[in-house]
Amino acid sequence: MMGLQLVRVVDEGGDSWVRLELSDGLPTPVANALRRAIINEVPTMAVEEVLVIENSSAMPNEILAHRISLIPFVSDIDNYSLPEECTCGSKLGCERCVVRFVLRAAADTDTVTVYSRDISPEKPDIKVAPVSGDFPIITLAPGQRVELELYVRLGKGRKHAKWQSGIATLYEENGRRYLYVESFGFLPARRMVKEAVKIINQQVKELEQKLEEVMKNAEE
Amino acid sequence: MMFPIRCFSCGAPIGHRWEEYKRRVEEGEPSGKVLDSMGFKRYCCRRMFISGVDVFNEIVEFHRRYSEYGRSQKT
């Protein structure tokens, strides 16, 4: 199979989407595994824990935390690791598995809308940041105040949809098969496909190892 | 409540485009055209905008008007 072109980029919209044409050498079940890996397995970053220091707004803590958790963060997957795979073993997390942010806002005499751009990192100059600064989080009436600490962690779409890296669709048109991949902004669309391939490889290797163990045990 | 951050069905982020959408529709642009130009193709995301109502602003307005009355209850 070496040297054979399995996929071809038909069309691309910058980092936000790619359309791949699948050759006959790539069976549909494999392409489907790729599609599912993009949705379920590609790690991305989102707020996992919210520490509410003060919330005198009209929105309950839970709803506010849920809204914030759905904001996609530009994900630095090379320098951070999944909390369950991190060497620190700490539940709170270390520098390698958690990024801390703070959200402080208060309305004085006028109503104030708090946006995702108001989320500031605890340490300056890091790559991780909300995908867009224009997400309205909450509107505060005069006298209301929110002060939150946000813990951003890597996660997978399998655990919660907030970590779903994007949309992947497999479809047929005029006898040709396509894989359409759309990014939610966490990672560039091409990177999502690459990561999904890496993850499938890893999973196949793990399966092989487990199978070998089982066979060995059966022989004994 | 406030306009959702993400589309209920597909999960695509939509919240950051809401204010632009609302402004342009209020200025008289047809909402379908606005959504086309913003690149929302799927009908799940489009219905989020078309059926979006900002109820939270009314709650905030209530608090703005009557916050002074409630202030005496605070410690």
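Chains as they are written, first to last, in this note's numbering: chain A, 140 to 359; chain B, 204 to 278. Ideal Cβ positions, reconstructed from N, Cα and C, are used throughout, including at glycine.
> Does S271(A) have its Cβ less than 8 Å from a Cβ in chain B?
Replying inline: The count along the first sequence starts at 1 and reaches residue 271(A) at position 132. Yes, its Cβ sits closer than 8 Å to a Cβ of chain B.
> What are the start and end residues of each continuous alpha helix (DSSP H) run of 4 or more residues lying completely inside the segment 254 to 325 of chain A, in chain order?
Replying inline: none
> When the cut-off is 8 Å and only beta carbons count, does I262(B) lie next to chain A?
Replying inline: The residue labelled residue 262(B) in the question sits at position 59 within the second sequence. Output row for I262(B): interface = yes.
> Mind checking whether V267(A) and F325(A) have CB atoms under 8 Å apart?
Replying inline: Within the first sequence, numbered from 1, the residue matching residue 267(A) stands at position 128. Within the first sequence, numbered from 1, the residue matching residue 325(A) stands at position 186. In this structure, F325(A) does not lie closer than 8 Å to V267(A) by Cβ.
> Where do the ends of the beta strand (DSSP E) carrying F240(A) lie?
Replying inline: Position 101 of the first sequence, counted from the start, is the residue given in the question as residue 240(A). First-last of the beta strand (DSSP E) with F240(A): 238 to 245.
> Tell me, which residues are paired with V189(A) by DSSP?
Replying inline: In the first sequence, the residue the question calls residue 189(A) occupies position 50. Beta-bridge pairing links V189(A) to L289(A).
> For a contact meaning CB atoms closer than 7 Å, what does L209(A) contact in chain E?
Replying inline: You won't find chain E in this structure, because its protein chains are A and B.
>> Measuring only the C-alpha atoms, how far is M184(A) from E151(A)?
In response: Looking up residue 184(A) in the first sequence gives position 45. Looking up residue 151(A) in the first sequence gives position 12. Near 24 Å, if we compare the C-alpha coordinates of E151(A) and M184(A).
> Of all the CB atoms in chain B, is at least one closer than 8 Å to the CB of Q341(A)?
Replying inline: For the purposes of this step, residue 341(A) is taken as the residue at position 202 of the first sequence. Output row for Q341(A): interface = no.
>> Checking 8 Å against the spacing of the C-beta atoms, do S259(A) and G272(A) come in under that value?
In response: The residue labelled residue 259(A) in the question sits at position 120 within the first sequence. The residue labelled residue 272(A) in the question sits at position 133 within the first sequence. Against a cut-off of 8 Å, the Cβ pair of G272(A) and S259(A) comes out as no contact.
> Whose CA, out of Y317(A), R316(A), H299(A), lies closest to the CA of V181(A)?
Replying inline: In the first sequence, residue 181(A) corresponds to position 42, counting from 1. Checking every option, the nearest Cα to that of V181(A) belongs to H299(A).
> Terminal residues of the continuous beta strand (DSSP E) containing R158(A)?
Replying inline: For the purposes of this step, residue 158(A) is taken as the residue at position 19 of the first sequence. Here the beta strand (DSSP E) through R158(A) covers 156 to 161.
> What in chain A is Cβ-close to G218(B), meaning under 7 Å?
Replying inline: Reading the second sequence from its first residue, position 15 is the one you call residue 218(B). Here the neighbours are F274, P275.
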